[in-house]
Amino acid sequence: MEQEEDRLSNLPKIILHHILSRLPEKDAARTSVLSKAWTYTWLTFPILYFSDNKFIGWLPQSMDDVKRKRRKFIDYVTRTLSRNLKGLYLLSLKGNTITDKWFLELFLKFAFLERLKFVKCTMSETINISSVQLKVLELSHCHNMKEVNIDAPNLLSCEYIINGDLKPNISFVKSSSKLKVDVQINTGYLDLGNLKEFLQNIKPGNVLTSLSLFIFELTEDEFNPTVFQVSSPPPSIKHLHLHSFPKNVTLYSSLLSILPSSCCFATISMRMHPCFCSREFIEFFYETLMRRKDDDCFCSSNDTKCWWHGLKDLKVTRSMKIDENVDFKTLLESSPTFSASDISFILEF
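Each residue of the sequence shown is one higher than the one before, counting from -10 in this note's numbering.
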């Protein structure tokens, strides 16, 4: 048993750090008492976790106390990061207030930062992110942003998750040919009228890889067909994921009018689940596209046409293995319980 412990302790430091990264924070810290080797491994562990809950807590308290404890927390983080920190590669923040000046200081201090994640942060109206090393960026449920300028030539992935109608202009000043931008929008039906405008405000347009939509339940009174008329060519996106769609059958036709006028997709996928995307809507979507006619589209009266007119063929696949030659009805019936399974519509133009 002692020999096995010695063999484990003598593993390369990078492997021991990987083991610690798989453990909960407290369990990883407890390994420091096992031996001198594990103590050194813990002291050199490059992944740091900070939580202001330990300083501020959840009990009712005055605003002055909250501010004082928050300053104490910030001082603690600053002192910790100042101890022999040569490079910071991953930074994840939740619930903080972020200014444009903060971004400038961040990349000056940590030039090797590769991954940056913000969750439920309050941002400045204008955000400028400039970094040569940054590879992954995530903005999730952040507030107040109106303009985001990203100058990151080596950025490979950018994920933007948003609730409601807050949709800033996002510009990638310099971008890699490998950059993939994924946008997830949790929205009500009325705000979908602004979907196309938001997508067109992501520059350059070819970086947007996938769009995920979670659409809230709505009523018939909310439908306004003039909102979705096409006045300019819709932007092209490789993948659309419909994760949640209203159950009201009478609204299917009006909701379907959003897609041809807002974007042009290569594939459209839906998660089969009675609570999020019903079998009835999937059947309606398929049958509508299969029997489509030019007169049935949702274009305005001008010369600009939606992708409805250019669609030549439609193929259907499913995430679970099934014979490729089965028809659409059999494909649906093969999963009667609607377990976790995606149906994808491949559009050919």
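All residues carry an ideal CB built from backbone N, CA and C; glycine is no exception.
Asp331 carries a strand assignment under DSSP once its states are collapsed to helix, strand and coil. One thing to note: Asn138 has its Cβ no nearer than 8 Å to the Cβ of Asn152. Under DSSP, the beta-bridge partners assigned to Tyr149 are Leu128 and Val172.
For the set Ser233, Arg104 and Lys90, the Cα lying nearest the Cα of Ser113 is the one of Lys90. Look at Ala100 here: in three-state DSSP terms it is coil, with no helix or strand label.
From the listed residues Ser(-2), Ile36 and Asp316, the smallest Cα separation to Thr20 is found for Ser(-2).
For the pair Ser164 and Phe203, the CB atoms are not nearer than the 8 Å cut-off. Under the 10 Å beta carbon count, Lys304 is surrounded by fewer than 16 other beta carbons and is classified as exposed. In this model, Cys252 and Asn183 are separated by some 12 Å (Cα to Cα).
In the three-state reduction of the DSSP assignment, Val305 falls in the strand class. Taking the Cβ atoms as the reference, Gly194 lies roughly 16 Å from Pro157, outside the contact range of under 8 Å. By the 16-neighbour rule on beta-carbons within 10 angstroms, Leu168 is buried. In the displayed model, His228 falls within a strand according to three-state DSSP. Residue environment: Ala17 is assigned as buried (16 or more neighbouring CB atoms within 10 Å of its CB, all protein chains considered).
Taking 8 Å as the upper bound for CB-CB distance, Thr256 and Ile191 are not in contact here, some 19 Å apart. For Arg280, no beta strand (DSSP E) encloses it, and the DSSP letter there is neither H nor E. About 12 Å separates the beta carbon of Leu12 from that of Thr30, a gap too long to meet the 8 Å contact definition. Of all alpha-carbon atoms in Lys15, Glu14, Leu23 and Trp27, the one lying nearest the alpha-carbon of Leu0 is that of Trp27. Leu197 is positioned such that its CB atom lies no closer than 8 Å to that of Val162.
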